[in-house]
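J.: Pasting a structure here, questions to come.
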Amino acid sequence: VGSMLPLIFRRFGIDPGIASSPFVATFVDVTGIVIYFTIASVWLL
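For the sequence shown, the working numbering assigns the number 1415 to the initial residue and increments by one for each residue that follows.
So, in structure tokens, the structure goes:
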């Protein structure tokens, strides 16, 4: 995800450094929450 977004944004003429950072941050946050709740549910059950 993080490596493809700058290429896509560059094709549309958008600055890739500024535009891709919120998407990457959201993806990392959601992935961390999913991993956290998966480990918590396995540990508690």
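Idealized CB from N, CA, C, for every residue including glycine.
Is the beta carbon of Ala1433 less than 8 Å from the beta carbon of Phe1423?
T.: Their beta carbons are under 8 Å apart, which means Ala1433 touches Phe1423 by this criterion.
J.: Whole-angstrom Cβ separation of Pro1430 and Pro1420, contact assumed at under 8 Å?
T.: Confirmed, Cβ separation roughly 3 Å.
J.: Could you spell out the range, first to last residue, of the alpha helix (DSSP H) harbouring Gly1446?
T.: Gly1446 -> alpha helix (DSSP H) spans Pro1430 to Leu1458.
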